Amino acid sequence: MQTETDARKEILRICRLLWERGWVANHDGNVTMRLGGGRILATPTGISKNRIALDELLTVDLEGRKLGGLTRPFSELGLHLRVYRLRPDVHAVVHAHPPTATGFALAGMGLDIPAMPEPVVSLGPGIPTVPYAFPGADAEAALAPFLEQHDAVLLARHGALSWGVDTEQAYLRMELVEHVARITLVAYQLGGVPVLPPDHVERLRQARSKAGLGPAGRRKAAAPAHPPAPAAAPGRGAGRAAGGGAGDGARGGAGKAAGAPAAALPAQPGPPPRSAAVRQPGPSHPRELEPGALGPVPVAPPSARLPSAAAVAAAAPPAARAGEAELGRVIGEEIARALSGGQG
Ligand SMILES: [Zn+2]
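If you're matching positions, the sequence shown starts at 9 in our numbering and goes up one per residue.
Here it is, written out as structure tokens:
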């Protein structure tokens with residue numbers, strides 16, 4: 009069973025990955041993990057992700073009140089807590105500023121296009137950009153509408169936020185966001201991003217649900233595998249509840265808590281969040297896409313190709329973009345000009 013020390017080590021592992029990959033600088037980025045009893049383990053403010061010590065992590069409750077630790081919580085904690093409050097299935101949240109994804113978020117160009125099959129299954133049809141709002145309560149309110157449908161978002165003018173059933177899944181989603189951003193940038197440089205045919209997006213959406221991902225998939229995963237027997241043998245149900253598989257622990261608990269406030273979780277550490285210490289392929293980790301599961305994906309016809317970055321930037325309707333978005337468009341045009349050799 010994972011101890012709190014294991015959980016602390018796991019957070020430090022993720023922090024180092026973020027730093028090694030250059031996705032955080034200075035004191036940027038933060039990682040949290042749900043512990044039992046409504047406690048959240050969090051990275052401290054003011055310390056590089058490369059230098060945090062185990063005892064510098066702190067614990068807070070779901071309202072952000074500090075429960076333990078000598079350090080101070082980071083200012084973006086409210087974003088993480090909003091995720092935990094609205095998504096009982098989530099046990100870890102990662103925030104970073106991966107340069108390419110953040111560049112898209114800054115330029116207002118977005119990644120919300122279903123262009124490649126695998127990210128559609130893993131993250132949904134596109135990675136949305138949460139509109140810019142002043143850091144704090146406004147930014148948290150802006151994030152809220154995206155939590156039900158998505159597992160990773162860009163934050164306009166800021167960075168990216170991802171979440172999952174454990175730190176590994178939350179981290180891998182951040183990795184995928186940055187990977188998609190890098191590929192998309194290259195595609196724009198080469199002429200445009202072909203959109204997947206709508207019927208394929210629908211099939212991929214179904215694959216996503218089948219893998220236990222997305223709202224429908226989560227509902228299915230949380231539902232009992234078999235209808236309850238009218239008269240279960242005494243003790244059998246209890247045995248299952250107490251002795252579920254290692255991976256089922258955190259997620260099964262979360263599933264039962266669906267619809268109830270996360271603060272109603274058991275008061276004691278209980279089943280640990282899954283992490284590197286218990287990471288293993290198994291029924292608990294939603295499968296994201298089996299190779300070849302969807303058959304060959306046809307190349308989109310030229311008519312389905314998106315316009316180039318220059319055209320996207322130039323076509324942005326000013327009326328629909330006030331303030332922040334307008335500045336994003338200007339920056340987008342600058343990038344488009346650079347990409348097209350100054351002919352934009
Ligand atoms: Zn940030």
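Every residue, glycine too, gets a C-beta built ideally from N, C-alpha and C.
Remember, it's a predicted structure, so these values are computed and weren't measured experimentally.
- request: Tell me whether GLY170 sits in a helix, a strand or coil according to DSSP, three-state version.
  value: The residue asked about is misnamed: residue 170 is Ser in this sequence, not Gly. It is a strand residue.
message: On the criterion of 16 or more Cβ atoms from any shown chain inside 10 Å, does ARG227 qualify as buried, or is it exposed?
response: So ARG227 counts as exposed.
message: Measuring alpha carbon to alpha carbon, tell me which residue in THR175, ARG181, GLU156 is nearest ALA168.
response: Sorting THR175, ARG181, GLU156 by C-alpha distance to the C-alpha of ALA168 places ARG181 at the top.
task: Going by DSSP, name the residue or residues bridged to ASN38.
output: Answer is HIS103.
query: Which runs of the alpha helix (DSSP H) spanning at least 4 residues fall entirely within the stretch 44-125, listed in chain order?
result: Counting only runs of 4 or more, we get 85-94, 107-115.
- request: Keeping to the same chain, check which residues put their C-beta closer than 7 Å to that of PHE112; ignore five residues upstream and five downstream.
  value: The answer, listed in chain order, is GLY118, LEU119, LEU162, ALA189.
- prompt: To the nearest angstrom, how far is it from the Cα of THR11 to the Cα of GLY46?
  reply: Near 16 Å, if we compare the C-alpha coordinates of GLY46 and THR11.
field: Cutoff 8 Å; reference GLY225; Cβ partners in own chain excluding five residues on either side
entry: Around GLY225: ARG216, SER217, LYS218, ALA219, PRO294.
- prompt: Taking the beta strand (DSSP E) that VAL32 falls in, what are its first and last residues?
  reply: Note, VAL32: premise wrong, no beta strand (DSSP E); not H, not E.
query: Using DSSP with H/G/I as helix, E/B as strand and the rest coil, what is LEU162?
result: If DSSP states are grouped into helix, strand and coil, LEU162 belongs with the strands.
- request: Kindly indicate which three-state DSSP category VAL138 falls into: helix, strand or coil?
  value: Residue state, collapsed to three classes: strand.
field: C-alpha distance - ILE19 paired with ARG213, whole-angstrom precision
entry: Spanning the two alpha carbons is a distance of roughly 31 Å.
query: VAL39 to ILE55, Cα distance in whole Å?
result: Their Cα atoms are separated by approximately 13 Å.
field: DSSP three-state assignment for GLN214, whether helix, strand or coil
entry: Note: GLN214 maps to helix in three-state DSSP.
Burial state of GLN177, where buried means 16 or more other Cβ atoms lie within 10 Å: With 16 or more other CB atoms across the displayed protein chains lying within 10 angstroms of its CB, GLN177 is buried.
query: Are LEU6 and ALA160 close, meaning C-beta to C-beta below 7 Å?
result: In the structure as shown, the chain begins at 9 and stops at 352. Residue 6 is therefore absent and cannot be evaluated.
field: Environment of ligand 1 in chain order, Cβ to heavy atom below 6 Å
entry: My final list is ASP36, GLU84, HIS103, HIS105, HIS166, GLY167.
field: GLY225, DSSP secondary structure in three states
entry: If DSSP states are grouped into helix, strand and coil, GLY225 belongs with the helices.
- prompt: Which residues bound the alpha helix (DSSP H) around GLU12?
  reply: Its alpha helix (DSSP H) spans residues 12-28.
query: Which value, in whole angstroms, describes the spacing of the CA atoms of PRO96 and ILE60?
result: Across the structure, PRO96 and ILE60 are spaced so that their CA atoms are roughly 28 Å apart.
For LEU43 and GLU28, the rounded distance between their alpha carbons: Roughly 26 Å between the two C-alpha positions.
query: Taking C-alpha atoms, which residue in ALA123, THR175, PRO52, ARG93 lies nearest to VAL353?
result: As displayed, the chain neither begins before 9 nor continues past 352, which places residue 353 out of reach and without an answer.
field: Residue range of the unbroken alpha helix (DSSP H) whose run includes ALA147
entry: 145-151 is the extent of the alpha helix (DSSP H) around ALA147.
task: Take GLY144 as the anchor and find which of ARG24, GLU183, GLY72 has the nearest alpha-carbon.
output: The candidate whose alpha carbon is nearest that of GLY144 is GLY72.
message: According to DSSP, is ALA178 part of a helix, a strand, or is it coil?
response: Three-state result, ALA178: helix.
task: Give the straight-line distance between the Cα atoms of LEU49 and THR110, rounded to the nearest whole angstrom.
output: Each residue's Cα considered, the two are about 25 Å apart.
query: Is the beta carbon of THR13 less than 7 Å from the beta carbon of ALA100?
result: In this structure, ALA100 does not lie closer than 7 Å to THR13 by Cβ.
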